[in-house]
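Asks: Residue numbers (the numbering used here): 373 to 654. Don't be surprised by glycine CBs; every beta carbon is placed ideally from N, CA and C. Please read all numbers here as calculations on a predicted model, not as lab measurements.
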Amino acid sequence: MGKLSFEITDPAFSRKNLGSCKLSILLGMDSLVYGVFNVQNRLLLLRAYELEPVGEDGREGRFRDLFWREDLFQYKYAERRLAVTTLRHCLVPARLWTPEAAPAGLQALTELPAEEEVLSVPLNGLGAQMAFSLDGALLAFVRQAAPDIRILDAGAGFLAAARQGMDALGSHQVFACIRDRVLQVAAFHNFNLLLYNSYPFQTSPDALYFLLLVYDQLNLNPEETPLNLAGPVLPESELYRLFYRFVRQIRFAPPPSGLLLPEAFPEENLHFHFDLMGTALL
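1. Runs of 4 residues minimum, wholly inside the region 601-653: which ones carry the alpha helix (DSSP H) assignment?
2. Look at the alpha carbon of Asp382 and the alpha carbon of Ala559, and state the distance between them as a whole number of angstroms.
3. Buried or exposed for Ser392, please, with buried defined as at least 16 other CB atoms from any protein chain shown within 10 angstroms of its CB.
4. On the CB-based measure, 16 or more other CB atoms within 10 Å of its CB, does Tyr447 come out buried or exposed?
5. Taking Pro594 as part of the alpha helix (DSSP H), name the residues at either end of that continuous run.
6. Report yes or no: do three or more beta-carbon pairs, one from the region 520-529 and one from the region 608-622, lie closer than 8 Å?
7. Pick helix, strand or coil for Gln479, following the three-state DSSP scheme.
8. With 16 other CB atoms within 10 Å as the buried threshold, where does Val586 fall?
9. Under 6 Å Cβ to Cβ from Ala455, same chain only, skipping five residues before and after it: list those, please.
10. Going by alpha carbons, who is nearest to Gln556 out of Lys394, Ala533, Glu595 and Leu404?
11. Report the option in Leu495, Phe435, Cys549 and Ile380 whose CA atom is closest to the CA atom of Pro572.
12. Go ahead and label Ile575 buried or exposed: buried means 16 or more other beta carbons lie within 10 angstroms of its beta carbon, across all protein chains shown.
13. Pair every Cβ in the region 467-478 with every Cβ in the region 498-510, then say whether three or more of these pairs are closer than 8 Å.
14. Jot down the residue ranges of each uninterrupted alpha helix (DSSP H) in the region 522-564, minimum 4 residues, whole runs only, in chain order.
15. Please report the straight-line C-alpha distance between Arg414 and Pro494, rounded to a whole angstrom.
16. Using CA atoms only, rank isn't needed, just tell me which of Phe439, Phe618 and Gly508 is closest to Ala517.
17. Could you work out which residue in Tyr449, Leu510 and Asn496 is closest to Lys388 when comparing CA atoms only?
18. From the DSSP output, in three-state form, read off Glu670 for me.
19. Any idea which residues DSSP pairs Asn569 with across the strands?
20. Out of curiosity, what's the CA-to-CA distance linking Arg553 and Ser492?
21. If we ignore side chains and look at the alpha-carbon of each, how far apart do Phe582 and Gln589 end up?
22. Our contact map puts Glu422 next to Gly374 with C-beta atoms below 8 Å; I'd like the distance itself, whole angstroms only.
23. If you measure between the beta carbons of Met649 and Pro634, is that distance less than 8 Å?
24. Identify which residue in Val619, Val426 and Ala579 has its Cα closest to the Cα of Glu596.
25. According to the neighbour-count rule (16 or more other Cβ atoms, all chains shown, within 10 Å of its Cβ), is Gly433 buried or exposed?
26. Taking the runs of the alpha helix (DSSP H) that are 4 residues or longer, which of them lie wholly in the region 394-448?
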């Protein structure tokens, strides 16, 4: 089923009120995190599971197992969302968007497996649409088991949270989110998205290479341009220490300001689920 690695419940959580709440699920490569939010976007419950690594092709079976075992997934909600970490996606400017633009944009970047289907999600406030592809077996199960669920790319939640984070910042900012050895990076100038991409990696030096590649592509000085870091990363980790050798202004990305969190939420974990929290804003 997966190993429960983190759980927090707000005193206001009640199963009787789930019909008016939103359920947001984030399915990573080797993890699953979900949160229940009320109509005021207050986080009432969050659970995180570690899953046995099986790669993209095996996620349908693991998600199926956890979906039926996790009793809170079986309730009726006002809205349910499933955000999935993908490796094939692209952004299309809203002014150029057509239904045909999604597969065309992806096919121009990569060869799509025959069993995958292309979907899209609007990125409100960023003037773009995100096209992404998912395994057909996973989609078939989700549509059969939860036909009301809205399927998203996890990058859309990350970008929504980062875009809102820019409200309190300014100038050039880089956001990075690390989950299950996938690095997502977004760079902004004021409120304009300059670049978004994701990079699978095996080692911390690999992740550093991809991060510095973004700085180089945009002619940003890593000693001057701040990095807002999200995901389950701690200051004592090898990856954080390596990043800090080259990017001198690092802070952990704060939760989106539009959300209310339980008072007991551990401060050192606030940045762990930045991408999940962003899905509540979509």
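Replies: From the atom records:
1. 610-618 and 646-651
2. 33 Å
3. exposed
4. exposed
5. Where Pro594 is concerned, there is no enclosing alpha helix (DSSP H), given that its DSSP letter is neither H nor E.
6. no
7. helix
8. buried
9. Leu398, Leu524, Ala526, Gly529 and Thr651
10. Ala533
11. Cys549
12. Before going on, a small fix: residue 575 reads as Thr here, not Ile. By the 10 Å Cβ count, Thr575 comes out exposed.
13. yes
14. 526-537
15. 23 Å
16. Phe439
17. Tyr449
18. Here the chain has residues from 373 to 654 only, and residue 670 is not among them.
19. Val557
20. 24 Å
21. 10 Å
22. 6 Å
23. no
24. Val619
25. exposed
26. 431-441
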